[in-house]
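Below you'll find the structure, written out as structure tokens, and then a few comments.
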Amino acid sequence: MDSEIAKKITATFDHRRLNRSGSSLFAAFAASVIALIVFTVVIVSNLTVRDLSEVVKIEIKTVVPYLPLRSEKELSVGNSNYTMKKSITTVKENNNLEVLEVFGGKDVSEKFQQRVTEFLRDDDCEVNFMMTWISPVKMFGKREVLSVESVFKSHPRGCLIILSSTMDSPHGFRVLKPFLDRGYRVMAITPDLPFLLKDTAGESWLEEIQTGKRDPGKISLAQNLSNLMRLAYLFKFGGVYLDTDMIVLKSFKTLRNVIGAQTLEPVSRNWTRLNNAVLVFDKNHPLLRKCIEEFALTFNGNVWGHNGPYLVSRVARAVEGTDGYNNFTVMTPPAFYSVNWIEIEKLFKVPRTEKDSKRVQVKVLEMQRRSYGLHLWNKFSSKFEIEKGSAMDKIVSDHCVICEKIYVS
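To get my numbering, take the position in the sequence shown, counting from 1, and add 1.
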């Protein structure tokens with residue numbers, strides 16, 4: 002009995018020891034498996050991170066800028082980046098070629114010379130005015146018509162040429178017909194920029210643009226060509242250039258070879274910036290030739306104003322005190338820019354307070370005494386309505402010849 006009990010106890014003890022030994026082996030095995038899993042995870046993670054970073058780099062290299070929906074559709078059917086860039090460049094080049102056609106296409110030169118010469122031949126023109134219009138004819142609205150009206154209000158015997166291929170059309174003729182019916186001399190003529198630039202520094206610049214050797218930049222090529230064309234026209238024919246958002250307030254007959262300052266230095270009262278919205282010059286004036294040279298040499302199609310108001314400012318400053326360039330006058334801001342683009346809204350609104358009313362009255366009186374024109378800064382003011390009873394309402398009434406009230410922009 003005791004022997005059997007002893008055997009059972011021994012067997013139990015051996016079984017427990019075996020269990021403990023098995024547990025230890027299992028624990029060791031489990032620890033090994035966990036270590037292996039952790040090691041595998043780390044390796045895989047590292048590989049995954051490395052692979053993902055490589056994928057991201059590839060994706061960045063292949064990302065293209067946002068494109069119009071049509072281009073995105075073309076991309077989805079398998080066009081390469083090169084094809085898209087080439088297509089976009091081609092469209093841009095074609096658009097520029099179309100713009101150049103607007104400023105002087107084939108068989109334009111002879112007609113242009115003849116029409117301008119005949120229009121200017123009559124000595125009855127007391128002042129020869131010129132404007133440019135590069136937008137569609139339907140955009141030549143009431144504001145622009147008001148500018149034309151103001152020219153003839155102050156110069157009933159003046160002449161106005163509008164250099165524009167869109168206005169030189171049946172639709173454009175209908176816009177100008179009310180003036181012709183009243184006996185005013187106005188004509189829209191398709192321009193010929195190559196003719197105007199002949200034998201100037203601008204001639205080679207234009208050829209470079211036409212052949213793609215010169216980058217026109219991101220700023221509207223038409224706008225820059227307009228800046229150049231006003232200089233070239235005045236150099237060829239002389240006269241008065243006006244922006245189509247300029248209201249003429251009094252006669253220009255006494256003005257000769259003048260350009261207007263937009264801003265003055267507060268202390269010295271010397272001009273700091275000129276503007277090319279009004280230019281009054283004799284033909285062949287050396288300052289105009291210098292401006293055309295500056296345009297060709299320093300053209301930058303990526304900076305607004307560089308080839309326009311900033312250009313005339315650079316040239317006028319550079320030739321100050323130089324022999325041969327002393328026969329022009331820089332007029333102070335009240336002459337053409339008595340109200341800046343920030344304050345122009347006040348003229349369109351009826352003053353709400355007595356203080357505002359007095360300020361507007363003082364400004365209007367100053368314009369009556371000292372201003373030849375008022376620049377409306379259409380880029381900023383086109384959204385403003387002309388309120389009845391406002392200063393602008395009075396200006397419109399005093400300087401119109403057709404006098405259709407415009408209380409909307």
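Note that CB positions come from ideal geometry on N, CA and C, so glycine has one too.
The model shown is predicted, which means the values in this text are computed figures rather than measured ones.
Proximal residues to residue i (C-beta, below 6 Å), its chain only, five neighbours per side dropped
| i | result |
| --- | --- |
| Met-332 | Val-259, Gly-261 |
| Gly-309 | Asn-228, Asn-277 |
| Leu-161 | Phe-130, Val-152, Val-187 |
| Trp-378 | Trp-342, Ile-345 |
| Cys-401 | Glu-150 |
| Pro-352 | Ser-358, Val-361 |
| Asp-394 | Ile-387 |
| Val-64 | Only weak support is given to the placement of Val-64: the predicted model assigns it a pLDDT of 30, under 50, and the value that follows is read from those uncertain coordinates. So the list is empty, once near-sequence residues are dropped. |
| Leu-177 | Val-187 |
Same chain, Cβ closer than 8 Å to residue i, neighbours up to 5 away in sequence not counted
| i | result |
| --- | --- |
| His-172 | Val-138, Lys-139 |
| Arg-231 | Met-131, Thr-133, Tyr-242, Asn-277, Leu-280 |
Nearest-angstrom Cα separation, counted from residue j out to residue i
| i | j | result |
| --- | --- | --- |
| Val-152 | Gly-159 | 8 Å |
| Met-132 | Arg-186 | 14 Å |
| Arg-360 | Phe-196 | 48 Å |
| Thr-298 | Gly-239 | Note on identity: in this sequence residue 298 is Leu, with Thr being the wrong assignment. Using only the alpha carbons, I get a separation of about 23 Å. |
| Asp-193 | Lys-384 | 33 Å |
| Asn-80 | Ile-387 | With a pLDDT of 43 at Asn-80, under the threshold of 50, the predicted position of this residue should be treated as unreliable, though the coordinate-derived value follows. When rounded, the distance between both Cα atoms is 51 Å. |
| Val-340 | Leu-243 | 17 Å |
| Val-56 | Asp-246 | Confidence is the limiting factor: at Val-56 the pLDDT is only 31, short of 50, which leaves the residue's position unreliable, though a coordinate-based value still follows. Cα to Cα, Val-56 sits roughly 55 Å from Asp-246. |
| Ile-403 | Phe-180 | 8 Å |
| Glu-346 | Asn-225 | 27 Å |
| Leu-198 | Ala-233 | 6 Å |
| Phe-296 | Trp-342 | 25 Å |
| Gly-306 | Asn-271 | 21 Å |
| Lys-412 | Leu-348 | Residue 412 cannot be examined here, being either before or after the span of the chain that is shown, 2 to 410. |
| Glu-204 | Phe-120 | 25 Å |
| Gln-115 | Ile-190 | 11 Å |
| Thr-167 | Phe-104 | 11 Å |
| Thr-201 | Ile-293 | 7 Å |
| Arg-257 | Tyr-311 | 22 Å |
| Arg-370 | Val-279 | 19 Å |
| Leu-375 | Phe-337 | 5 Å |
Bridge partners - residue i, DSSP secondary structure assignment
| i | result |
| --- | --- |
| Asn-276 | Gly-261 |
| Cys-126 | Note: Cys-126 sits in no beta bridge, so no partner. |
| Ala-189 | Ile-163 |
| Leu-375 | Ile-248 |
| Gly-184 | Answer is none; Gly-184 lacks a bridge partner. |
| Gly-240 | Phe-282 |
| Met-393 | Paired residues: none, contrary to the question. |
| Thr-133 | Leu-164 |
| Val-363 | Beta-bridge pairing links Val-363 to no other residue. |
| Thr-330 | Val-259 |
CB contact below 9 Å: residue i versus chain B
| i | result |
| --- | --- |
| Gly-142 | Protein chain content of the structure displayed is limited to a single chain, and chain B is not contained in it. |
Beta-carbon separation (whole angstroms), residue i vs residue j, contact threshold 8 Å
| i | j | result |
| --- | --- | --- |
| Val-320 | Lys-291 | 6 Å |
| Leu-235 | Phe-282 | 5 Å |
| Pro-335 | Ser-372 | 6 Å |
| Lys-254 | Glu-127 | 6 Å |
Other residues of its chain near residue i: CB distance less than 7 Å, five sequence neighbours each side excluded
| i | result |
| --- | --- |
| Ser-314 | Arg-274, Leu-275 |
| Lys-350 | Glu-388, Ser-391 |
| Val-149 | Leu-161, Phe-180, Val-187 |
| Ser-170 | Val-138 |
| Lys-237 | Leu-197, Lys-284 |
| Phe-141 | Trp-134, Met-168, Val-176 |
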